[in-house]
Structures are given as C-alpha cells and as structure tokens.
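For the sequence shown, position 72 (counting from the first letter as 1) is numbered 247 according to my numbering, and the numbering increases by one without interruption. Using N, Cα and C, we set each Cβ at its ideal position, and we do this for glycine too. For reference, the structure discussed in these notes is given below.
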Amino acid sequence: MRDFLNEKLNELEQSNLKRELRLLEGAQSREIVINGKRVLNFCSNDYLGLAGNLQLIQAAKESLDKEGFGSGASRLVCGNMSAHQQLEKKMAEFKKTERCCLFSCGYMANVGIISSIFTREDIIFSDKLNHASIVDGIALSRAKYKRYPHKDMDALEQMLKAAKDFRKKGIITDSVFSMDGDVAPLKEIVTLAKKYQCLVMVDEAHALGVIGQDGRGLVSHLGLEEDIDIQMGTFSKAVGSYGAYCCGSKSLVEYLINKARSFIYTTGLPPAICAASLKGIEIIESDYQRRQQLWDNTYFVRGELTSAGFNTLYSQTPILPILLKDSALAVEFSNRLFEEGIFVSAIRPPTVPTNSARLRLTLMATHSVKDVEYLVRKIKEIGKYLKVIHN
C-alpha cells in the first residue's frame with residue numbers, strides 16, 4: 176500500500192498537481208496570516224466578509240449559552256432543535272418557497288438530494304462544469320447521466336429530444352460556476368424544461384448573498400422561483416457560516432427528510448452554527464451597501480485585468496479567473512503573488528479541465544480601494560515578468 180501511495184504522490188508532484196495544506200492563523204478576513212506570513216486574502220469564498228463578523232459571533236455565543244454546542248443525534252432521533260427550525264423557516268421565506276431543510280454541508284446536500292430523487296429509471300442532464308458534488312450525487316443515483324457542453328442550450332435540447340422511455344428527466348446546473356465565475360442561462364433552461372417536461376435543480380452556493388439587489392440569488396433575481404423545482408445552496412460562502420439548505424415544495428422537503436440518506440444518517444448541525452447562519456441571512460437582507468461594495472471591487476478589478484490583456488474567461492461575478500493553461504505557470508504566479516503579500520490560489524486539474532490551469536481571484540466586500548489597487552498592480556507586474564501579458 177505504501178509503495179502504491181508514494182508512487183501516485185510522486186506522479187502528482189511531477190505533474191505540478193500535488194497540493195499542500197496551508198495554515199491560516201486567526202479568523203477568516205480580508206487580511207490573514209498564512210504559514211506565519213501576513214497577506215491580503217483574495218481566494219476566500221467569504222464574499223461579504225461575514226465569517227469574522229461580530230454579529231455572527233455574538234449570535235453563536237448566545238446560542239451556545241442557550242442550547243449548548245452539539246445537537247447530539249440525527250434530527251429524526253432527538254437532534255431536531257429550535258435553531259434548525261428557525262433557520263429553515265427563514266430560508267423558506269428568503270427563497271420564497273414553501274419549505275426548507277438543512278444539510279450538514281453543500282456536498283452532502285447535493286449527494287443526498289440527487290440520489291434520493293433520481294433512480295436508474297431516470298435521466299439527468301448536467302452542465303459539464305457543474306460542481307463535483309453534483310457529479311457524485313448523479314453517480315450515486317444510478318440515473319442515466321448526460322453532460323451537455325457548458326451553457327450550450329442547443330446541445331441540451333438535442334439531448335432532450337433524444338431522451339425517451341425514462342420515468343423522470345432532470346436538468347441540474349450551478350447558478351454561478353465556481354471556477355469560471357459565469358452564470359447559468361436559467362431562463363433558457365426553464366423554457367426547455369417546460370417543453371420537455373423536466374425537473375430543474377439549481378445549486379445557488381455562489382449566488383446566495385451575492386446576486387440580486389436583495390441577495391436572494393440568481394433564481395430570485397430572474398423571478399424564477401415558481402419554475403425551479405429544487406433550490407440548493409450553502410451558508411459557508413457569502414453567509415459566512417457553515418451548512419447547506421434545500422428549498423422547494425412542502426412535499427419535496429418531507430420526501431428528503433424521509434429518503435435523503437445524507438440527512439437521515441448524520442447528526443444535525445450544531446445549533447450555534449444555525450444561529451450564526453440566521454444572523455448572516457438577516458445582514459444580507461438589510462445591508463445593501465456591503466453587497467454594493469463587493470460589486471464595486473469586482474467591476475474595478477475585472478476591468479483593469481481585462482484591459483491589461485489577461486484572459487478572465489466570461490466571468491460575471493466576484494469570482495475572477497485568470498486563465499494560464501499551464502499548471503507550473505499557475506503555481507509560479509501564485510507563489511510570486513504570495514511573496515508580494517497577496518494570497519491567490521493556483522487552480523489545477525482535476526478541479527478544472529486539462530490545459531485550463533488558472534489563478535482564481537475572489538473579491539470581498541471588505542477589501543479596500545487600496546487593497547484592490549495593490550492587487551491589480553502586482554498582477555500586472557508579475558504577468559509581464561512571466562510573459563503572460565506583453566503590454
């Protein structure tokens with residue numbers, strides 16, 4: 176076993192694909208200490224800067240005093256607590272659906288939802304760039320799996336036309352794609368779903384708190400709440416907490432409570448986590464200026480990088496990729512930024528397709544004008560040095 180593992184690790188290292196954990200000391204913030212070095216944080220999913228927010232911390236402390244830390248059991252046994260139900264009620268209202276149920280994390284939500292709704296008698300159409308948890312959920316469901324080219328509605332329709340003799344058909348997509356930063360054509364997907372009688376499931380993990388004037392996500396921003404059967408998302412990104420949710424009809428939630436294995440066979444979320452998530456949603460609802468600052472930072476950095484000649488793909492969100500293709504180049508670029516006090520991760524296969532290694536920048540509402548100006552200046556300097564750009 177050891178020889179096998181060492182051989183595989185060596186292969187990863189030789190391909191510039193071996194990853195290492197870096198230690199973050201202290202709280203998640205716009206400025207953090209990594210491996211003892213203070214750096215500006217441009218790779219967190221904490222888009223609104225709520226992970227270290229004092230209001231979330233206070234909400235968690237109050238919950239700890241009232242309900243303790245652990246929930247102690249599966250929610251179907253004796254682990255169903257008031258904090259769970261308060262957060263579910265709030266999320267159903269926030270997402271404008273009948274009900275909501277919580278999951279321990281986004282991965283477990285997607286695996287549980289998909290594998291319980293679909294079976295080997297069904298077929299699922301999934302965007303090629305959907306998150307790995309969606310792919311794994313489809314595999315567990317044993318449904319027929321068809322991947323359509325990224326956001327290609329013509330190709331999707333041809334697949335839908337050819338799909339016959341299946342009990343159920345489903346279309347699953349991220350609303351915001353986590354590595355490219357672009358958004359799904361949800362209106363077109365809904366049109367096709369109605370035409371070919373498909374269920375639609377949308378993963379709003381990177382849209383919640385970020386998209387729409389009220390931060391309710393892309394589904395709400397487009398007014399599609401009545402057209403999307405399953406809305407899933409997480410509290411671990413813009414909300415600044417942890418856990419995941421599934422919003423939809425009353426019958427959907429009751430079904431998941433009884434059939435989703437990743438809900439049934441796991442301990443309920445700690446109530447303090449739910450209290451922090453609830454406070455995060457309340458801030459998202461009320462603090463428009465925080466979200467506006469995030470978008471101001473996004474527009475500035477994207478404009479500067481694209482005008483300088485960097486390939487940011489088709490990003491439409493605070494996720495800004497810089498396509499470099501070569502994994503070694505991505506690692507070197509990331510390391511040089513780190514030396515300059517900027518933390519940006521190099522994203523390599525298998526997280527992204529072969530020959531599409533990149534830097535993945537993420538902006539935060541708490542980044543100052545000085546922060547983003549420094550980021551842009553150093554990316555341009557290193558980009559010229561490494562011959563990524565030439566002007």
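C-alpha distance - residue i paired with residue j, whole-angstrom precision
i      : j      : result
MET176 : SER411 : 35 angstroms
LEU331 : TYR323 : 6 angstroms
ALA318 : PHE300 : 10 angstroms
LYS241 : TYR282 : 29 angstroms
LEU374 : VAL519 : 37 angstroms
ARG436 : CYS421 : 14 angstroms
MET266 : GLU182 : 47 angstroms
ASN220 : LEU383 : 11 angstroms
THR529 : LEU498 : 12 angstroms
LEU304 : GLY247 : 37 angstroms
VAL563 : GLU515 : 18 angstroms
HIS565 : MET256 : 58 angstroms
PHE513 : ARG523 : 17 angstroms
TYR560 : VAL544 : 25 angstroms
ASP178 : GLN189 : 16 angstroms
ASN510 : GLU548 : 19 angstroms
ILE517 : THR487 : 18 angstroms
GLY387 : SER490 : 16 angstroms
ILE432 : ILE292 : 12 angstroms
GLN464 : HIS542 : 13 angstroms
GLY243 : PHE508 : 45 angstroms
ALA368 : ALA307 : 23 angstroms
GLU400 : LEU361 : 11 angstroms
ASP340 : GLY312 : 22 angstroms
ASP389 : VAL214 : 31 angstroms
GLU200 : VAL208 : 5 angstroms
GLY558 : PHE352 : 25 angstroms
GLY227 : LEU187 : 35 angstroms
LEU536 : CYS218 : 5 angstroms
GLU479 : SER461 : 30 angstroms
GLN203 : ILE232 : 12 angstroms
ALA180 : LYS370 : Note that residue 180 corresponds to Leu in the displayed sequence, not to Ala. So the alpha carbons of these two residues sit roughly 49 angstroms apart.
ALA359 : ALA284 : 20 angstroms
ILE346 : CYS280 : 22 angstroms
Bridge partners - residue i, DSSP secondary structure assignment
i      : result
SER406 : Looking at the sequence itself, residue 406 is Gln, so the reference to Ser does not match. Answer is VAL377 and CYS422, bridged to GLN406.
VAL208 : GLU200 and ARG213
CYS275 : CYS422
ARG535 : PRO496 and SER520
SER290 : Bridge partners of SER290: none, in fact.
THR442 : SER249
ILE299 : TYR320 and GLY345
VAL351 : VAL358
Within 8 angstroms, strictly: CB atoms of residue i and residue j
i      : j      : result
SER238 : ALA521 : no
ALA532 : LYS500 : yes
ILE309 : ASP357 : no
GLU363 : MET328 : yes
LEU469 : ALA505 : no
VAL394 : SER350 : yes
ARG342 : GLU296 : yes
ASN185 : SER502 : no
LYS344 : ILE298 : yes
PRO446 : ALA314 : no
VAL385 : LEU225 : no
THR294 : SER316 : yes
ARG205 : ASP471 : no
ASN210 : ARG197 : yes
LYS302 : LYS336 : This sequence places Asp at residue 302; Lys is not what is there. Cβ distance not < 8 angstroms, so ASP302 and LYS336 don't count as in contact.
LYS212 : ARG391 : no
GLY398 : ALA380 : no
LYS454 : ALA234 : yes
GLN406 : THR272 : yes
Whole-angstrom C-beta distance between residue j and residue i, which should lie under 8 angstroms
i      : j      : result
LEU538 : PRO493 : 4 angstroms
MET354 : THR526 : 7 angstroms
GLN230 : ILE458 : 6 angstroms
GLY584 : ARG250 : The structure shown does not extend to residue 584, since the chain is modelled only from 176 through 566, so no value can be given for it.
LEU223 : ARG466 : 7 angstroms
ASP404 : MET376 : 6 angstroms
ILE448 : GLY418 : 6 angstroms
Are at least three pairs of beta-carbons, each pair with one atom in the stretch 412-431 and one in the stretch 263-282, less than 8 angstroms apart? Yes: the two stretches touch, three or more of their Cβ pairs being nearer than 8 angstroms.
Cβ contact check for the stretch 552-565 and the stretch 477-488: 3 or more pairs under 8 angstroms: The stretch 552-565 is in contact with the stretch 477-488.
Would you check if the stretch 256-268 and the stretch 284-302 touch, i.e. whether three or more CB-CB distances between them fall below 8 angstroms? Counting Cβ pairs under 8 angstroms, fewer than three are found: no touch.
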